[in-house]
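Novice:
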Ligand code: ADP
Ligand code: F6P
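In my numbering, the protein residues as written are 627 to 947.
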């Protein structure tokens with residue numbers, strides 16, 4: 627049986643990562659393993675930024691956003707020679723297996739390390755919910771709630787001024803944050819990569835709304851990257867519809883904050899499960915929540931799965947308008 631495992635967080639941070647770290651450390655110790663924290667993701671791995679973690683190292687972090695192990699992006703990790711250095715560093719610490727918390731890019735790094743002899747397990751840590759092998763990623767629920775808090779506040783002023791507010795949310799190329807926050811907020815329009823609306827149609831609908839009722843306000847939730855110049859889009863809407871229009875980009879506030887109970891529990895379940903996999907001597911796997919069961923997939927198979935486009939939820943946009 628293995629004796630030493632490592633853990634790192636990689637890519638964009640997400641609320642709940644700390645809960646996953648805690649679960650890996652505590653489950654590892656319960657199995658009698660030594661657990662090492664690798665700081666700053668794959669960059670810290672290459673540089674040997676590694677410290678042993680004990681029970682106390684992960685005390686009082688259940689309510690903290692971000693990641694106590696910090697995170698980083700290291701594009702050079704795609705290079706096999708750079709990964710070789712990582713394997714050598716792990717071997718020098720006697721670390722035989724690794725838990726990697728991050729998104730699909732981090733999963734690729736984990737799979738390739740496994741192919742080089744270090745069993746790795748990936749946990750889905752990202753606010754974007756863009757990993758097809760899990761119904762929910764760690765951090766998505768907290769982020770969704772943060773967006774709703776922000777939109778609730780923007781709604782007050784939008785309503786008071788009978789304005790149109792265009793609110794841009796994160797998600798990278800995945801529209802789940804926009805779709806679900808838009809549904810939760812009863813937004814007039816939701817624009818995502820899976821649900822784009824032609825500009826003429828947006829303008830026509832908003833103009834009709836405004837012409838029918840001058841006290842009307844409208845809230846549009848828009849996925850980032852759909853409109854590279856969101857302020858120009860707001861000016862166009864104002865000019866063509868008569869709505870006094872503002873655009874707000876929520877930005878990194880969406881990545882912070884104390885994790886929701888859902889994310890804490892999800893992370894605890896997934897973290898403990900990851901250690902089970904490593905103890906069984908398996909690697910190259912990633913953990914997911916599917917129909918409320920914790921499951922694992924081969925990382926390549928997971929990355930090839932088609933993403934759920936939430937067709938039944940998309941249908942609600944029109945049905946509930
Ligand atoms: P995320 O994990 O959130 O998708 P990134 O795509 O930025 O975030 O990936 C995080 C890190 O994972 C990258 O900075 C890089 O170190 C590593 N990585 C990404 N793609 C690969 C790959 N194809 N092979 C090896 N490592 C990768
Ligand atoms: O992947 C998480 C995420 O927050 C995306 O939603 C967003 O596109 C990106 O990271 C922002 O990255 P950065 O922290 O580099 O600005």
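All C-beta atoms in this analysis are idealised placements derived from N, C-alpha and C, irrespective of residue type, glycine included.
None of these values were measured; they are calculated from a predicted model.
Can you tell me whether DSSP reads residue 944 as helix, strand or coil?
Specialist: Correct three-state label for residue 944: helix.
Novice: Keeping to the same chain, check which residues put their C-beta closer than 6 Å to that of residue 905; ignore five residues upstream and five downstream.
Specialist: Correct list, in chain order: 657.
Novice: Measure the CB-CB distance between residue 753 and residue 803 and report whether it falls below 8 Å.
Specialist: Cβ atoms of residue 753 and residue 803: closer than 8 Å.
Novice: Can you grab the Cα-Cα spacing for the pair residue 886 / residue 646, in whole Å?
Specialist: So the two alpha carbons sit approximately 13 Å from each other.
Novice: Where in the stretch 684–748 do unbroken runs of the alpha helix (DSSP H), each at least 4 residues long, occur, reported from the N-terminal end onward?
Specialist: Counting whole runs of 4 or more residues, the stretch 684–748 contains the alpha helix (DSSP H) stretches 706–719 and 730–741.
Novice: Jot down the residue ranges of each uninterrupted beta strand (DSSP E) in the stretch 814–848, minimum 3 residues, whole runs only, in chain order.
Specialist: Qualifying beta strand (DSSP E) stretches, in chain order: 815–817.
Novice: How is the alpha helix (DSSP H) around residue 775 delimited, first residue to last?
Specialist: Taken as a continuous stretch (DSSP letters only), the alpha helix (DSSP H) holding residue 775 covers 766–786.
Novice: Check whether the Cβ of residue 752 lies closer than 7 Å to any heavy atom of the ligand ADP, and answer yes or no.
Specialist: Residue 752: yes, Cβ under 7 Å from the ligand ADP.
Novice: Could you check if residue 669 belongs to the surroundings of the ligand F6P, using beta carbon to heavy atom distance under 7 Å?
Specialist: No, since every heavy atom of the ligand F6P falls outside the 7 Å radius drawn around the Cβ of residue 669.
Novice: Taking C-alpha atoms, which residue in 714, 769 and 771 lies nearest to residue 744?
Specialist: Of 714, 769 and 771, the residue nearest in Cα terms is 714.
Novice: Taking only the alpha-carbon atoms, compute the straight-line gap between residue 662 and residue 795 and give it to the nearest angstrom.
Specialist: Those two C-alpha atoms are separated by around 35 Å.
Novice: Considering only their Cβ atoms, is the gap separating residue 725 from residue 628 smaller than 8 Å?
Specialist: No, Cβ-Cβ distance for residue 628 and residue 725 is not below 8 Å.
Novice: In the structure shown, what three-state DSSP assignment does residue 807 receive?
Specialist: Three-state DSSP puts residue 807 in a helix.
Novice: Residue 906: beta carbon under 7 Å from a heavy atom of the ligand F6P?
Specialist: The answer is no for residue 906.
Novice: Tell me residue 677's beta-bridge partners as DSSP assigns them.
Specialist: DSSP lists 663 as partners of residue 677.
Novice: Under 8 Å between the Cβ atoms of residue 653 and residue 848?
Specialist: No; because the gap between Cβ atoms is not below 8 Å, this pair is not in contact.
Novice: Within the present structure, is the beta-carbon of residue 701 separated from the nearest heavy atom of the ligand ADP by less than 7 Å?
Specialist: Residue 701 Cβ: within cutoff of the ligand ADP.
Novice: When you measure from the CB of residue 704 to every non-hydrogen atom of the ligand ADP, does any distance come out below 7 Å?
Specialist: Residue 704 Cβ: within cutoff of the ligand ADP.
Novice: Assuming residue 649 contacts residue 897 under a Cβ cut-off of 8 Å, what Cβ separation, rounded to an integer in Å, is found between them?
Specialist: Confirmed, Cβ separation roughly 3 Å.
Novice: Can you find the residues in the same chain that come closer than 6 Å, C-beta to C-beta, to residue 859, ignoring five residues on each side of it along the sequence?
Specialist: Taken in chain order, the residues that qualify are 853.
Novice: Starting from residue 635, follow the alpha helix (DSSP H) in both directions and report where the run begins and ends.
Specialist: No alpha helix (DSSP H) contains residue 635, which is instead part of the beta strand (DSSP E) from 630–635.
Novice: Based on Cα-Cα distance, which residue from 893, 808, 718 and 845 lies nearest to residue 623?
Specialist: With the chain covering 627 to 947 only, the question about residue 623 has no answer from this structure.
Novice: Nearer than 7 Å: is that true of the beta carbon of residue 742 relative to any heavy atom of the ligand ADP?
Specialist: No, Cβ of residue 742 sits at least 7 Å from all heavy atoms of the ligand ADP.
Novice: Residue ranges of each alpha helix (DSSP H) run of no fewer than 4 residues wholly in the stretch 885–941, ordered along the chain?
Specialist: For the stretch 885–941, whole alpha helix (DSSP H) runs of length 4 or above, ordered along the chain, are 887–905 and 925–930.
Novice: In terms of residue numbering, what span does the alpha helix (DSSP H) encompassing residue 656 cover?
Specialist: 643–656 is the extent of the alpha helix (DSSP H) around residue 656.
Novice: On the CB-based measure, 16 or more other CB atoms within 10 Å of its CB, does residue 765 come out buried or exposed?
Specialist: By the 10 Å Cβ count, residue 765 comes out buried.
Novice: State the beta-bridge partners of residue 750 as determined by DSSP.
Specialist: Residue 750 is bridged to 728.
Novice: Is any non-hydrogen atom of the ligand ADP found closer than 7 Å to the C-beta of residue 730, if you look at the structure I gave you?
Specialist: For the ligand ADP, at least one heavy atom lies less than 7 Å from the Cβ of residue 730.
Novice: With a cut-off of 8 Å on the beta carbons, I'd call residue 799 and residue 870 a contact; round off their distance for me.
Specialist: In fact, because the Cβ distance is near 31 Å, the residues do not count as touching under 8 Å.
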